[in-house]
Each structure stands twice: as structure tokens, then as C-alpha cells.
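The structure appears below as C-alpha cells.
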Amino acid sequence: MQKIMIVEDDQAIREELALLLENEGYAPIVGEDFSTILEQAGRECPDLVLLDVGLPGRDGFSLCANLRKSVKAPVIFVTSRSSSLDEVRALSLGGDDYITKPYSIPVLLARIKAVLRRSGATDGTDVLEAAGLCLSLTKGTVSVSGQTAELTRNELQILACLMAHAGQIVSRADLIETLWDNQIYIDDNTLSVNMTRLRTKLAEIGLPDAIKTRRGMGYQL
Amino acid sequence: MRMSEFLADHMGQLLLRAVFAGAAVLFLLATGTAPGVAVLLLIVWLLVFTTSQVVDYLRQRARLQELEGIMDSLDKQYLFAELAPRGRTVYERRLLDFCRRAGRAMATQVSEAQAAQREYREYVESWVHEVKTPITAAGLICRNAEPEFRRRLAQELAQIEAHVERALFYARAESLEKDFILRESNLSDIVSQAVGQHRTLLIQSGVRVETEDLEQTVFTDGKWAAFILGQLLQNAARYRGNQPLVTLSGRQLGRQVQLTVSDSGIGIPAHELPRIFDRGFTGSNGRAQGGSTGMGLYLCKKLADCLDIGLRVASEVNEGTSVTLTFPSRENLTKV
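Chains D and W, in that order, are what the protein sequence lines are. Per the numbering used here, the first sequence starts with residue 1, numbered consecutively. Per the numbering used here, the second sequence starts with residue 1001, numbered consecutively.
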């Protein structure tokens, strides 16, 4: 499990973020005492640090510079300061990414994943496997027992979202939001069209009922 | 200074001297001076006096022209008194001294007002940053709630966020120090930033977003440009028609890049178009819907001017509105 260190002065965010990351399969480390944060980081060896720039008594930017010296982990700045100047400063001080509050949860998770992948802390997989399906994100294909179908960008993202939550019900609204986060701005009707096409393709490779419709609730793989 | 003005200024003296000259002539005649001599004396005196007055006039005129020349050549005219040459007469020196004192008093006032404005702006900025923390926390907390409840709360949070963002940019736009950075940015990044920020509103309003040819490079501040776009997207969602659609399309135009945001909304009446960028202007649409502040487009215009982005609006009632942003080319920017 990858360890993500949360350095954040707001208690509510700290706790909720820890819960969220835990649910997503990371091991969150919560930085408790900001004066000993460097020592704590050295001890725990996190794979990633989420750093709030506006910490009490201490400038997050200078903390980052020190952090970079002692720990190899990539740093994502999480800040409510949103000017371009702050962003340039953060990135020039060795931050790997910069997210402004308030952030949407999917975007935060996607950024964490991207930074971890770049830093090589993940196994770099681009293949999702669930419910007997094997989805290649780079090739844009889905295969089951030797049979392969090519998917469009929209279909790929829909299926990826369903597979990431295999067994759970994903509502249409959640699906649409996930797609928007991936720069696919579709509405309800277009989702239905894409869903039908995706089902047809899955049927062609022998899985006609892979995606179940849960009336009034959403879809389930 | 004209001759007549000079004469008007010296009228009292001139009259006094004329009276004295007349009296002197009468006195001379009464004491037995020959009339010819008296007239001769009067003519000589008149010549000398007139010459001295003309010389006086010419010198004053030249001096005023010199000072005016200095004034006109100044970039900051309120510094005139500081830069004017030393006064020739005590009187002139005293006057210039008064000007200098007045100028300094004014400068103090202005700098105090600027400091107050800067402090206020800093406060608004830090307040905005502070309030974003609880908004973020609320967003994180409500993720576990029941979906319908979460969606409604997310919508309200998105609204709070949009209002807060407007306050922040208002403080920035009104301030004298503009802290934007003009640099190479990707148009599609700016668009996805703006759409992402207003995703909740757009999805809930059922607005479809289409993009065309956004792989363009523009020279601008991405955050400011995304804010401008965000205001346009919010308007498209607020004033939507049936089957709302927003198209964002990029276009290379010589060295400039244009971005057109067109919606299929209710449109703006032609007679209101000239005023839509005015501060606090709420058109008939805004009044009909309520909740319009007349600040969105005003801020757009203000920020766009700072970034040297051209804004052009075309609208047709019941057809839709399209706003074209013309980003400056890199060559033009170096001049700013």
C-alpha cells in the first residue's frame, strides 16, 4: 500500500482526507505536529506528500524546499491560494503538482494517481481487471476470454468507471461527473447512447448482460 | 497670456499713473512751464513707461510659456511644482512653494487611500482563502451522504464557490497592482479548467458542452482567462433555452487566437447589448430571473482589458449569445 502523508492544518479536512484516501486503498499518514513534520516524514518515508501551503507559523513553500532535501517523495501542493504567481512559485520550489481548494474529489484522486505514476511508485499498470473483463486504458480495448473489442474514448471511460467500482451501483449522475472530469462533456441522452453502444460491443464478445441496469439507481457491473 | 489680460491685471496702476501724469502736467503748466516743454516731457514719459510695460508683458508671457512647456512635457503632472525651475521673484517662489506643499499633502492623502485599498484587498484575498477551507471540508464531508442530498448540497457549495471567486477577482481587478502572469498557456487547458469549475452547475442545468479546435497556444494568465470563461459559462447555464448547448471553439486568426463561446440560450435584446459590460447592469433577463448582480460581465471586461483580450458579443433574442475572446499575439504583448 502506498503511503500518503497529509500535511494540513484544518482538522476537518485532515480527517476526511485520511478517510477518503483509506477508502481508496492508500495508507494515509497524518502529520500531527508541524514543528516536527520533517522528522516524521523522514521516519515514515511516504510515497507522496499532500502539503497545505498555508500552515500556521510556517510557510508551506519553505517547508517544501526543506522536505525535498530530506525526503525523495513527490509533493502535491494543496492550497487555497489560487494566483498564477503562487503556482509558479510552488512548482519552482520542487512541487510536483498544484491543486487549489476547493477541489473535486475525483480530480484530487486523479492527480494523486498521476503523480504516483510519474514518480514510479506504482507498478505503472494501465490495465484494469474486474468481473472477468480486462480493460487496456492505453490501447482502448476490452477483452474477455480471448475476444477483444475496441472502444471509443467515451465508452472506455464509462467502462473504466464501472470497473473501478465493480459490484457497486454507479449512478448516472456519478458517471456523468466522472466523464466531465475526463474532459468528456456529455449530457444524459448522450450517456444513454454511449451505454447502448458499449453493451452491444460487450455482447459481441460474449458478455450480453455484463452491465446491469438498476432501475432508479444506476448501473452495476 | 494675452495683452488684454495683462492690461486688466495692471488696470489700477495704469490709471493711477495716468492720473499722476495728468496732475504733473497741470502742475508744470501752473508753475509757468512752457506748454511745449510740458507736452514733450509727457511724450518722453509715455514712451519710457509703455516700453517698460511691454517688456514686462513679454517677459511674463515667456515665463508662463516656459512653465507651461514643462507642465505639458510631464508624464505625472502633479509633480509640476517639484520640477519647476526656481522662481525668479520672491512672489513667484512663494507661489511655487504653496503648490509644492499642496502637492505633498495630496500625495500623502493618495498614498493613504492606496494603502487602505491595498489592505482591504489583502483582507478580501485572505478572507477568500480562509473561506475556501471550510468549503473544501464541507465537500469532503458530504461525499458520504445520500446521493440526492449530496447533489443538492454540492450545487449550493458550487454557488458559494462561484460567489467567493467573484469577490476575489473583484478585489484583484479593482486593485492597482495587477498580479497576473502572462505566459504561454494551452487554450484547451484553460477551457477544461473553467468547465471543471462550473461542472456542477452545467450538469444540473443539463447544458451540453462541445469543444472545437482548442489545441492552440495563447499568451495570457490561465487563471484569469479561466475566470472570464467561467462567467460566460455560468451565464450560458443561467439564461439557457430548451436543449441548452454551449460550444467553445478556437480559431487561429493571423497571429492572434480567438475563442468563441456560443450558447443556444434566450439571448440579449439588441438595445441592451451596449450596456452589458456596465457595472451593476442587469438586463431584462437578469431582472426576470432574479439573482443577477450585474457583476459577472463587468468583471470579464475589466479583467480582459488587463490581459489585453478583446471581448465581442453578438446576440439574437431566442437564438443565443456568442462571445468572442481575441487573445493578443506574443509580439503585441511585449509592448504592454
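Glycine included, each C-beta is placed from N, C-alpha and C at the ideal position. These figures come from a predicted structure and were not determined experimentally.
Output needed for residue i: all residues of its chain with C-beta closer than 6 angstroms, excluding positions within five of it in sequence on either side, in chain order.
i	result
W:Gly-1222	Ser-1185 and Ile-1190
W:Leu-1232	Val-1261 and Val-1323
D:Ser-136	Val-127
W:Phe-1006	Tyr-1057
W:Arg-1150	Cys-1142
D:Ala-130	Met-163 and Ala-166
D:Tyr-222	With chain D running from 1 to 221 in the structure shown, residue 222 of chain D is simply not present.
W:Thr-1217	Glu-1184
W:Ser-1338	A question about residue 1338 of chain W goes unanswered here, because the residues of chain W that appear run from 1001 up to 1336.
By the criterion of Cβ-Cβ separation under 9 angstroms, what are the contact partners of residue i in chain D?
i	result
W:His-1129	Gly-54, Thr-79, Ser-80, Arg-81, Ser-82 and Lys-101
W:Arg-1208	Tyr-185, Ile-186, Asp-187, Asn-189 and Thr-190
W:Ile-1181	Ser-83, Ser-84, Leu-85, Glu-87 and Val-88
W:Arg-1143	Glu-16, Leu-20 and Ile-105
Nearest by alpha-carbon distance to residue i: which of the options is it?
i	options	result
D:Ser-35	D:Ser-62, D:Ala-166 and D:Met-217	D:Ser-62
W:Arg-1017	W:Leu-1046, W:Leu-1029 and W:Arg-1002	W:Leu-1046
D:Arg-215	D:Arg-68, D:Ala-110, D:Arg-199 and D:Ser-171	D:Ser-171
W:Ala-1137	D:Lys-3, D:Glu-15, D:Met-5 and D:Arg-197	D:Glu-15
W:Gly-1196	D:Leu-38, D:Asn-189, D:Ile-184 and D:Thr-190	D:Ile-184
W:Leu-1140	D:Gly-167, D:Ala-90, D:Lys-101 and D:Ser-145	D:Lys-101
W:Gln-1117	W:Arg-1172, W:Ala-1154 and W:Ala-1081	W:Arg-1172
D:Ile-176	W:Gly-1241, W:Leu-1202 and W:Ala-1237	W:Leu-1202
W:Ala-1349	W:Gln-1155, W:Arg-1287, W:Val-1054 and W:Ala-1194	No information on residue 1349 of chain W is available, as it lies outside the stretch 1001 to 1336 that chain W covers here.
W:Gly-1241	W:Gln-1060, W:Leu-1042 and W:Val-1207	W:Val-1207
D:Leu-198	D:Met-217, D:Glu-150, D:Ile-186 and D:Gln-168	D:Glu-150
D:Gln-168	D:Thr-190, D:Arg-153 and D:Thr-213	D:Thr-213
D:Ser-192	D:Lys-3, D:Ala-173 and D:Ala-203	D:Ala-173
D:Gln-147	D:Asp-209, D:Ala-203, D:Leu-19 and D:Ile-13	D:Ala-203
W:Gln-1060	W:Leu-1029, W:Glu-1092, W:Leu-1042 and W:Asp-1075	W:Glu-1092
W:Pro-1134	W:Ser-1111, W:Ala-1158, W:Val-1209 and W:Glu-1112	W:Ala-1158
W:Arg-1121	W:Glu-1146, W:Lys-1076, W:Ser-1175 and W:Ala-1105	W:Ser-1175
W:His-1198	W:Ile-1070, W:Gly-1294 and W:Ala-1154	W:Ala-1154
Using a C-beta to C-beta distance shorter than 8 angstroms, which residues of chain D count as neighbours of residue i?
i	result
W:Glu-1161	Pro-102
W:Ala-1137	Asp-10, Ala-12, Ile-13 and Glu-16
W:Val-1218	Residues of chain D passing the Cβ test: none, with the nearest at roughly 14 angstroms.
W:Gly-1196	Ser-104, Val-107, Trp-180 and Asp-181
W:Arg-1240	Under the 8 angstroms cutoff, chain D gives no residues; its nearest Cβ is about 12 angstroms from W:Arg-1240.
W:Leu-1140	Ala-12, Ile-13, Glu-16, Leu-17, Leu-20 and Ile-105
List the residues of chain W that residue i touches, going by C-beta distances under 7 angstroms, in chain order.
i	result
D:Gln-183	Ser-1192
D:Ser-171	Pro-1147
D:Val-144	Residues of chain W passing the Cβ test: none, with the nearest at roughly 30 angstroms.
D:Ile-176	Ile-1203
Beta-carbon within less than 7 angstroms of residue i's beta-carbon, same chain only, minus the 5 sequence neighbours each way: which residues are those?
i	result
W:Lys-1301	Phe-1277 and Leu-1311
W:Val-1336	Because the pLDDT at W:Val-1336 is just 47, under 50, the model does not fix this residue reliably, and the value given afterwards should be weighed accordingly. Asp-1308, listed in sequence order.
W:Val-1128	Val-1164, Ala-1167 and Leu-1168
D:Gly-31	Met-5, Ile-6, Val-7, Ile-37 and Gln-40
D:Leu-162	Val-170, Ile-211, Tyr-219 and Leu-221
W:Met-1003	Tyr-1057
W:Tyr-1239	Gly-1265, Ile-1266 and Asn-1285
W:Leu-1096	Ala-1081, Ala-1084 and Gly-1087
W:Ser-1315	Gly-1267, Ile-1268, Leu-1273 and Thr-1321
Compare the C-beta of residue i with all C-beta atoms of chain B and state if any pair is closer than 8 angstroms.
i	result
W:Val-1261	The displayed structure is made up of protein chains D and W, and chain B is not among them.
Look up residue i in the DSSP assignment and give the residues it is bridged to.
i	result
D:Met-5	D:Ile-29 and D:Val-49
W:Asn-1186	W:Thr-1217
W:Arg-1017	Paired residues: none, contrary to the question.
W:Gly-1250	W:Leu-1259
Can you list, in chain order, the residues of its chain whose CB lies under 8 angstroms from that of residue i, leaving out five sequence neighbours each side?
i	result
D:Glu-24	Leu-109
D:Leu-207	Gly-132, Leu-133 and Val-144
D:Pro-106	Glu-177, Thr-178 and Asp-181
D:Glu-87	Tyr-98
W:Gly-1103	Tyr-1078, Leu-1079, Phe-1080, Ala-1081 and Glu-1082
D:Thr-79	Asp-52, Val-53, Gly-54, Gly-60, Asp-86, Ala-90, Tyr-98, Ile-99, Thr-100 and Lys-101
D:Asn-66	Leu-38
W:Tyr-1298	Phe-1277, Asp-1278, Arg-1279, Gly-1280 and Phe-1281
W:Glu-1319	Ser-1264 and Gly-1267
Name the chain W residues whose beta carbon is nearer than 9 angstroms to that of residue i?
i	result
D:Ile-76	By Cβ distance, chain W contributes nothing, its closest Cβ being about 14 angstroms from D:Ile-76, past 9 angstroms.
Under 7 angstroms between beta-carbons, which chain D residues line up against residue i? List them in chain order, please.
i	result
W:Arg-1151	Ala-173
* Asked: Going along the segment 1111 to 1135 of chain W in order, which residues come within less than 7 angstroms of chain D, judged by CB to CB distance?
  -> His-1129, Lys-1132, Thr-1133 and Ile-1135
* Scan the segment 1220 to 1233 of chain W for residues whose Cβ lies nearer than 9 angstroms to a Cβ of chain D and list them as they occur along the chain. => Asp-1221, Gly-1222, Lys-1223 and Trp-1224
* Asked: Of all the residues that make up the segment 1057 to 1076 of chain W, which are near chain D by a beta-carbon distance shorter than 9 angstroms?
  -> none
* Anything in the segment 1306 to 1326 of chain W with a Cβ closer than 7 angstroms to a Cβ of chain D? List those residues in chain order, please. => none
* Mind listing which residues of the segment 20 to 32 of chain D have their C-beta closer than 7 angstroms to chain W's C-betas, in chain order? -> Leu-20
* To do: Could you run through the segment 1244 to 1272 of chain W and flag, in chain order, every residue whose CB is less than 8 angstroms away from some CB of chain D?
  => none
* To do: Give, in chain order, every residue of the segment 1276 to 1293 of chain W whose Cβ lies closer than 7 angstroms to some Cβ of chain D.
  => none
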